[in-house]
Every structure is written in structure tokens, then in C-alpha cells.
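S.K.: Read in order, the letters of the sequence shown correspond to residues 123 to 296 in the numbering used here.
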Amino acid sequence: MESKIVPTIELIEQKLLIWEKWLFACYSAAFIMLAHAFIKAYENQMLVNVFFSLDRESGNPNLSIFQRYSAEIFPGLISPWRILFVFLLEIVFLVSFAVLAFHPTWKKIALFRRIDLIFGYLLAGWVTLLSLGAQDPVNASNGYNVLVVIFLLAIGLGYWRLRRKKDKAEEVFP
């Protein structure tokens with residue numbers, strides 16, 4: 123007898139459509155964050171240019187005024203709430219990936235049916251991670267750059283490897 127509590131494979135496959143729609147929302151959020159990062163980088167550059175032009179025009183090396191202005195401009199350049207929002211989005215994307223990849227309920231569906239969704243969420247996470255450094259590309263650390271490149275290579279190689287493994291399995295067992 124089949125239990126009504128345990129979801130059937132057909133019901134789980136229907137829920138994949140909801141996950142696909144959620145992935146489109148995640149892509150929208152990720153690309154909006156990336157576009158906002160480019161706009162924020164431009165605004166930051168303009169603020170810095172104005173700040174240093176005022177310093178050059180004054181000709182007065184008064185450090186107290188310079189420190190006061192820099193203390194007022196610094197929160198505008200860094201945007202701590204934006205960074206927090208990026209990290210929250212990153213967590214949402216990675217939790218969605220983990221649920222689809224490792225949760226026992228979703229493991230009932232063959233990997234080739236959910237592989238595109240799994241790597242789609244990872245790609246949305248990568249775009250969001252990229253937007254974090256695009257806000258201030260000049261001051262992005264080397265560790266961040268290495269992390270972004272390794273994350274992208276891991277996504278690409280993992281997807282290629284799993285796709286290749288699926289194709290070989292189909293050839294062996296037609």
C-alpha cells in the first residue's frame with residue numbers, strides 16, 4: 123500500500139515546475155543586483171572624484187576637514203545594507219541548490235531531470251557573487267577574484283562532467 127504522506131514521483135516532478143519559476147525569479151534578482159553594482163560603481167567613482175577635486179581646490183591640507191568628509195562619504199561608498207542583501211540572496215540560492223541536490227525527497231527523481239535546475243541555482247549564486255565585486259572592482263581583493271573564477275570553473279566543469287556521465291549511461295543502456 124502506498125502512503126499518502128510520502129509524495130509520489132509524479133507529484134515531485136510537478137513541483138519541479140515551481141522550482142523552475144523560482145529559478146527565473148532568482149535570475150532576475152541576481153541580474154538586477156549585477157546591474158545595480160555597475161551603477162553603484164559609477165556613482166562611487168563620481169563621489170571619489172568630487173571628493174578629491176574639493177581637496178585639491180582647497181589647497182589647505184587641513185586633515186580634520188578631510189577626515190570629517192571621508193567619514194561622511196565612506197558609508198555611501200560601501201553600502202553595508204546592500205552587502206547584507208547580497209549575502210542573503212547568496213544563501214537563498216545555495217540553499218535552493220542544496221535542497222535540489224541532496225534532499226532525499228528530490229533524490230527520488232533522476233539526476234538528469236533536475237541537473238539543469240541545480241546548476242541554474244549555482245549560476246544565479248555566481249552572478250550574485252560577481253555583483254559583490256563589481257560594486258568596487260578596483261579594490262576587490264585577489265582572494266575574491268580567485269573565489270569568483272574557481273566558483274565559475276567548478277560550476278562549468280561539474281556540469282560538463284555530470285552531462286558527460288549521463289550521455290555515457292544512455293549509450294551503455296539504451
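Beta carbons are placed, not taken as given, at the ideal position from N, Cα and C, and that holds for glycine.
(1) How about Leu252 and Val270: are their beta carbons less than 8 Å apart?
(2) Can you look up Ala246 in the DSSP assignment and give me helix, strand or coil?
(3) In whole angstroms, what separates the C-alpha of Gly278 from that of Gly198?
(4) What residues in its chain sit with their C-beta under 8 Å from that of Glu142, if we drop five residues either side in the sequence?
(5) Rounding to the nearest angstrom, what Cα-Cα distance links Gln136 and Trp228 in this structure?
(6) Between Leu156 and Ala256, how many whole angstroms is the CB-CB distance? I'm expecting something under 8 Å.
(7) Distance check for Ile161 and Leu211, CA to CA, integer angstroms please.
(8) Which runs of the alpha helix (DSSP H) fall wholly inside the segment 151-230 and span at least 4 residues, in chain order?
(9) By the 10 Å Cβ neighbour count, where 16 or more other Cβ atoms means buried, how is Ala152 classified, buried or exposed?
M.R.: Judging by the given coordinates:
(1) Closer than 8 Å, so yes.
(2) Residue state, collapsed to three classes: helix.
(3) Near 35 Å, if we compare the C-alpha coordinates of Gly198 and Gly278.
(4) Once the five neighbours on either side are set aside, the close Cβ partners of Glu142 are Leu239.
(5) Per the coordinates, the alpha-carbon of Gln136 lies some 12 Å from the alpha-carbon of Trp228.
(6) Between Ala256 and Leu156 the Cβ distance is about 6 Å, and since that is below 8 Å, they are a contact.
(7) Approximately 19 Å between the Cα atoms of the pair.
(8) The segment 151-230 contains these whole alpha helix (DSSP H) runs: 185-200, 202-224.
(9) Label assigned to Ala152: buried.
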